[in-house]
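> Heads up: the sequence lines are chains F and D, in that order. Each residue of the first sequence is one higher than the one before, starting from 1 at the first, in UniProt numbering. Each residue of the second sequence is one higher than the one before, starting from 1 at the first, in UniProt numbering.
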Amino acid sequence: MAWMAWTTPTAIFFVIIALLLVTFSVLAIRFPETPRRGVLGIETTRGDRLFITLLGSAFINLAWLGVMGAALQPWALLICLFYAAVVFRWV
Amino acid sequence: MEKTVNHKAWFLVLPVLVLVAFSAVIPLMTVVNYAFQDTFGNNVFFWNGLGWFEDLLASDRMWNALGRQLAFSGIILAIEIPLGVFVALNMPKRGVWASVVLVLMSLPLLIPWNVVGTIWQIFGRVDIGLLGYTLNSMGISYNYTQNPVHAWATVVVMDVWHWTSLVALLAYAGLQSIPDAYYQAARIDQASRWKVFRYIELPKMMGVLMIAILLRFMDSFMIYTEPFVVTGGGPGNATTFLSIDLVKMALGQFDLGPAAAFSLMYFLVILLISWVFYTVMTNLDKRG
């Protein structure tokens, strides 16, 4: 594993992503759902909404870093949380 | 909308998942790890936080390469898609010539990228290349190694030469699937050629055209070999597209940290655009 150059923050990041994927897989199996059509006009399941949330969050973080600088980066996560809530409620 | 989705079948793709993990996910995770660190070799790494991302976002280098890349993809899509559809509309529908034309159309697709690059590298040369020599003999000063506009024209024409037939073949497949009854109905209504195209052929081709646009976009957005062989990214940085810049950074300068950060942002853009195309495509299917 040494060749992968692990660090604690990146490890935490991947553990969170993995936990999210496992959680959503279990949810999808235990509580089957019907896809719904939201503000984007496309059919989405919970998994799709998770994908939209994660991808969007990556761009939010980059935009925040580009505009505000690295010192204030944790605040970007707050915006991501808000964005996630919006996606899961309305998309 | 009416049925619940059963996700249990996804367990059947587990073997593929293991393979993909080995060949793609784990290397990608390593790239993520690199992006936050600096190294001077010997597999010794130093934490650098968001430094590389911050540097890249603030520097012109990545933005310029991204701009050139988007311009390139935009230009070749704007040429190849209409041209491919036009060619497909004029290809013979049946008979011996249909087969002959199909084979001829697929020929450029069979040529490897580096060979296409070499062909055009020589073809465009002023001293021994047929194209370069002819143009200059006609009094048109053309030199793709010195003039950025000429370099761009060469790279764009090369891509059109290589890939228009892919669009044409896909569009042709879409056209072939239209039943004759549609055309007969249009003839009875005395529809003009344009209206037949606009209301019968184009809607029926939409699905394959979306695939063609997606394929051509992805391929052109990741293009490396052909411009690398022809122009090497020059003159200056005029044809340094994203992947050429990335390879320069990662393997030329061996700056693994910035290159990893660069490739992650590159990856995110590709992921976003692929998702948009994929979503549009699947939703077109659902509406029929």
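Positions of the beta carbon are idealized from the N, C-alpha and C atoms, including for glycine.
Could you name the residues of the same chain whose beta carbon sits closer than 8 Å to that of D/Val-101, not counting the 5 residues immediately before and after it, in chain order?
Hits under 8 Å: Met-91, Pro-92.
> Output yes if chain D places a C-beta closer than 8 Å to the C-beta of F/Met-4; else output no.
Yes, its Cβ sits closer than 8 Å to a Cβ of chain D.
> If you reduce the DSSP assignment to three classes, tell me which class D/Glu-201 lands in.
The answer is helix: DSSP assigns D/Glu-201 an H, G or I state.
> Count the CB pairs spanning the stretch 275–283 of chain D and the stretch 55–66 of chain D that are closer than 8 Å, and state whether there are at least three.
Judged by Cβ distances under 8 Å, the stretch 275–283 of chain D makes no contact with the stretch 55–66 of chain D, as fewer than three pairs qualify.
> Could you tell me which chain A residues have their CB closer than 8 Å to the CB of D/Trp-163, listed as they occur along the chain?
Here chain A cannot be found, since the structure's protein chains are F and D.
> Is the distance from the Cβ of D/Gln-37 to the Cβ of D/Leu-242 below 8 Å?
No.
> Which same chain residues, not among the five before or five after F/Ala-84, have their C-beta less than 6 Å away from its C-beta?
So the qualifying residues of the chain are Thr-53.
> List the endpoints of the continuous alpha helix (DSSP H) containing D/Gln-253.
No alpha helix (DSSP H) holds D/Gln-253; DSSP gives it neither H nor E.
> Compare the C-beta of D/Phe-45 with all C-beta atoms of chain F and state if any pair is closer than 8 Å.
True, the Cβ-Cβ gap to chain F drops below 8 Å.
> Based on Cα-Cα distance, which residue from D/Val-126, D/Leu-166, D/Ala-153 lies nearest to D/Val-103?
Ranking D/Val-126, D/Leu-166, D/Ala-153 by Cα distance to D/Val-103 puts D/Leu-166 first.
> Rounded to whole angstroms, what's the CA-CA distance from F/Phe-82 to D/Val-85? Just pull it up for me.
Taking the straight line joining both Cα atoms gives about 44 Å.
> Less than 8 Å between CB atoms is the rule here; does F/Gly-38 satisfy it with respect to chain D?
No - not a single Cβ of chain D is within 8 Å of the one on F/Gly-38.
> Could you tell me the distance, in whole angstroms, from the CA atom of D/Leu-57 to the CA atom of F/Trp-64?
D/Leu-57 and F/Trp-64: Cα-Cα distance of roughly 11 Å.
> Sorted by chain position, which residues of the same chain lie with C-beta nearer than 7 Å to F/Ile-60's C-beta, five sequence neighbours on each side aside?
So the qualifying residues of the chain are Ala-76, Ile-79, Cys-80, Tyr-83.
> Whole-angstrom Cβ separation of residue 304 of chain D and D/Met-205, contact assumed at under 8 Å?
Residue 304 of chain D lies beyond the residue range present for chain D, which begins at 1 and ends at 288; the question has no answer from this structure.
> How would you label D/Pro-258, buried or exposed, when you count the other beta carbons within 10 angstroms and need 16 or more for buried?
Buried, by the Cβ-count rule.
> So if I threshold CB-CB distances at 8 Å, which residues from the stretch 61–76 of chain F count as touching chain D?
Answer in chain order: Leu-62, Leu-65, Gly-66, Gly-69, Ala-70, Gln-73.
> Where do the ends of the alpha helix (DSSP H) carrying F/Phe-51 lie?
Per DSSP, F/Phe-51 belongs to the alpha helix (DSSP H) from 46–68.
> Mind checking whether D/Ala-261 and D/Phe-53 have CB atoms under 8 Å apart?
Result yes, Cβ atoms of D/Ala-261 and D/Phe-53 sit closer than 8 Å.
> Assuming the contact rule is C-beta atoms closer than 8 Å, D/Gly-174 and D/Val-196 should be a hit. Round their C-beta distance to whole Å, please.
Going by Cβ atoms, the distance from D/Gly-174 to D/Val-196 rounds to 14 Å, so no, they are not a contact pair.
> For my contact list, D/Val-230 and D/Val-155 are in at a C-beta cut-off of 8 Å; report their separation, rounded to the angstrom.
D/Val-230 to D/Val-155, Cβ: 6 Å. Contact.
> For D/Asp-189, report the span of its beta strand (DSSP E) as first-last.
No beta strand (DSSP E) contains D/Asp-189, which DSSP labels as neither H nor E.
> Using the C-alpha atoms, what's the distance from D/Val-160 back to D/Ile-79?
Distance between the alpha carbons of D/Ile-79 and D/Val-160 is about 7 Å.
> Run through the stretch 69–120 of chain D for me and flag every whole alpha helix (DSSP H) of 4 or more residues, listed as ranges in chain order.
As far as the stretch 69–120 of chain D is concerned, its whole alpha helix (DSSP H) runs of at least 4 residues are 96–106.
> Looking at chain D, is there any beta carbon in it that lies within less than 8 Å of the beta carbon of F/Ile-12?
Not one chain D Cβ lies under 8 Å of F/Ile-12.
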